[in-house]
Amino acid sequence: MPILNFPLQEYFLNSAAQENIALAWKVFNTWWWAALPFIFFKPLAFLWLWWRRQIWIGRVKRINLDVRVPRETIRPLRAMENVFSGLWQLYDPPNPREKWLEGKIQLSLALEIVSIGGDIHFIIRIPEGSRNFIESTIYSQYPDAEIAVIEDYTKYVPQDIPNKDWDAWGCDYQLLKDDVYPIKTYARFFEERPDVAVEEKRIDPVSSLLEGMATLKPGEQLWVQILAEPITPLEDDYVKRGRAVADKIARRVVPSPKKSLLLEGFDLMISGKTPGEVPEVKELIPPEMKLTPGEREVLGAIEEKVGKYGFRCAIRFLYLSKRDVYFGPAKAIPMSFFTQFSTQNLNGMKPWTKTITKVHTITTWFLDKRRVYLRKRKLFRNYIQRLTPLFPRMGGTFVLNIEELATLYHFPAGRAVVPAPTIPRVEFKKGEAPPGLPI
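Yeah, the sequence shown ends on 439 if you go by the UniProt record's numbering, and it's all consecutive.
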């Protein structure tokens, strides 16, 4: 009898079939709950971790360090790289018990450059328990610096921005390519010309941001924030990914994985050939010699990036202003700053479209105003609470090494580098009393 003509009605009327259906229903009705743990395990585990982490984070007291350096201090940007190398030692991941029971997470730093009405501050938000270690790390490279604990500046603006008196504009940032490709770092901002004075050789990428910040008027504020969490290849396989990309660029032969004995047995049965190693064919010209200058530069940059300590980072900026002095073009100040670090052959930074506080649609135009308001509220909340873009979910971050961080965030030094008069400075260097001074 053809399958299509199978009499379903007769089958269901059959007593044996009815017994099978009744038995299946009985089993389902009795044991349906056994599938619930498998269905709800992931969402329940997520909610549990979120709850425990919020409790643990609430117990960690954080402080803001305002760092000032003397006007005459001239330090290489490598000094800031050494600072971040020291700050990486804050790496202290939780073990399984601390993670699931206590809610402990890896603590992060908030590196912030802030302009309040034209007054510029370099602020580092840290756990209070790490203060002595972080201050000593900064002093080791900037011995003349002054570090003071200040109140959180985000508390001095209305907490319901945007409102009838204040408006905001900002966005989060993401990389143009995979984060194994580095952005343009400070080494490429240095003019290698022997006929130029040492001070003139130095091209500080931060100077454009500071000059723009110095032009803000009372009632305007510009906040730039970098969240940095020390990581290892255990948390992110960026080293493995970087080496894989480097091997692909260098056209290196990747050894194929060895087959199991079972698969080798099948090959023997099918082909009749005894499995053995395929003889390696050596080329007369090594693959590295075939690289173009651009490929060689990219290859070296990737290998250099994955060879240094890494931080999982999130970057954003927020322009706040009273509505009567709001100046829309001010948002170009941080956007042009981040554009400096982009190159065609390596990596770059771009505003994350989903977080830009601007929405213009066609089919849902009537919701645009509401969506803009919600984006501004979320961006403001994430900034003042120092949260990652997709919080409470993971993601929205990328890996930067200590050289890239030092390029983006370092203390200005020297009059010729940053002449902005609104940067708070230590006007005099510290020094010991001359010998032989009468007491």
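Beta carbons are placed, not taken as given, at the ideal position from N, Cα and C, and that holds for glycine.
Inset, instruction - State the DSSP-derived secondary structure class of D247, mapped to helix, strand or coil. - result: helix
Legend entry - Check whether G212 and I39 have beta carbons under 9 Å apart: no
Legend entry - Local Cβ density within 10 Å of F41, reported as buried at 16 or more and exposed below that: exposed
Legend entry - At least 3 beta-carbon pairs within less than 8 Å: the region 132-148 vs the region 70-86: yes
Legend entry - P351 versus R316, P158 and K308, residue with shortest Cα-Cα distance: R316
Legend entry - Exposure of S321, with buried meaning 16 or more beta-carbon neighbours within 10 Å: buried
Legend entry - Supposed close pair Y186, N347 - CB separation, criterion 8 Å: About 15 Å; that fails the 8 Å criterion.
Legend entry - Three-way DSSP call (helix, strand, coil) for R296 in this model: helix
Legend entry - Whole-angstrom C-beta distance between D167 and Y326, which should lie under 8 Å: 5 Å
Inset, instruction - Tell me whether L299 counts as near the ligand MN, meaning its Cβ is closer than 8 Å to at least one heavy atom of that ligand. - result: The ligand MN is not part of this structure, which contains no ligands at all.
Legend entry - Within 9 Å, strictly: CB atoms of residue 486 and V239: Residue coverage of the chain in this structure runs from 1 to 439, which leaves residue 486 outside it and unanswerable.
Legend entry - Every unbroken alpha helix (DSSP H) within the region 118-189, with a cutoff of 4 residues, ordered by chain: 131-141
Legend entry - Enclosing beta strand (DSSP E) for S321 [first to last residue]: G310 to K322
Inset, instruction - Determine the contact status of S342 and I183, defining contact as a CB-CB distance below 9 Å. - result: yes
Inset, instruction - Between the Cα of L400 and those of W365, G307, I123 and V114, spot the shortest distance and give me the residue it belongs to. - result: G307
Legend entry - Endpoints, alpha helix (DSSP H) assigned at I402: I402 to L408
Inset, instruction - Would you list the one or two residues that DSSP bridges to K26? - result: None; K26 has no bridge partner.
Inset, instruction - Answer with buried or exposed for V196, where buried requires no fewer than 16 other C-beta atoms within 10 angstroms of its C-beta. - result: Low local confidence applies: a pLDDT of 46 at V196 is under 50, so the model's placement there is unreliable, with the coordinate-based value given in what follows. Looking at its Cβ environment, which holds fewer than 16 other Cβ atoms inside 10 Å, V196 is exposed.
Inset, instruction - Going by CA-CA distance only, name the one from A110, S108, E146 and I57 that's closest to T73. - result: E146
Legend entry - Q221, buried or exposed, once every other Cβ within 10 Å from all chains shown has been counted against 16: buried
Legend entry - Environment of V60 [buried if 16+ CB atoms lie within 10 Å]: exposed
Legend entry - Reference D144, options P293, P70 and L109, closest by Cα: P70
Legend entry - Beta-ladder partner(s) of R78, from DSSP: Paired residue(s): none; R78 is not in a bridge.
Inset, instruction - Take the Cβ of S336 as the centre, count every other Cβ of all protein chains shown within 10 Å, and call the residue buried at 16 or more, exposed below. - result: exposed
Legend entry - Cβ neighbour criterion (16 or more within 10 Å) applied to A246: buried
Inset, instruction - Give the secondary structure of M213 by DSSP, where H, G and I count as helix, E and B as strand, and everything else as coil. - result: helix
Inset, instruction - Take the Cβ of Y383 as the centre, count every other Cβ of all protein chains shown within 10 Å, and call the residue buried at 16 or more, exposed below. - result: buried
Inset, instruction - Pick helix, strand or coil for N20, following the three-state DSSP scheme. - result: helix
Inset, instruction - Please go through the region 329-402 and give each complete beta strand (DSSP E) segment of 3 or more residues, from N-terminal end onward. - result: 349-351 and 398-401
Inset, instruction - Give me the Cβ distance between K104 and E112, rounded to the nearest whole Å; I'm assuming they're in contact under 8 Å. - result: Rounded, the Cβ-Cβ distance is 24 Å, inconsistent with contact.
Legend entry - V67 (DSSP reduced to helix, strand or coil): strand
Inset, instruction - Alpha carbon to alpha carbon, how far is D178 from D237? Give it in angstroms, no decimals. - result: 12 Å
Legend entry - Proximity to E151 [Cα-Cα], best of T30, D66 and W51: D66
Inset, instruction - Could you round the C-beta distance between F338 and M349 to whole angstroms and report it? I think they count as a contact, below 8 Å. - result: 5 Å
Inset, instruction - From the DSSP output, read off the bridge partner residues of S115. - result: I120 and L222
Legend entry - Beta-carbon contacts of L23 that lie in its chain and below 6 Å, excluding the five residues immediately before and after: none
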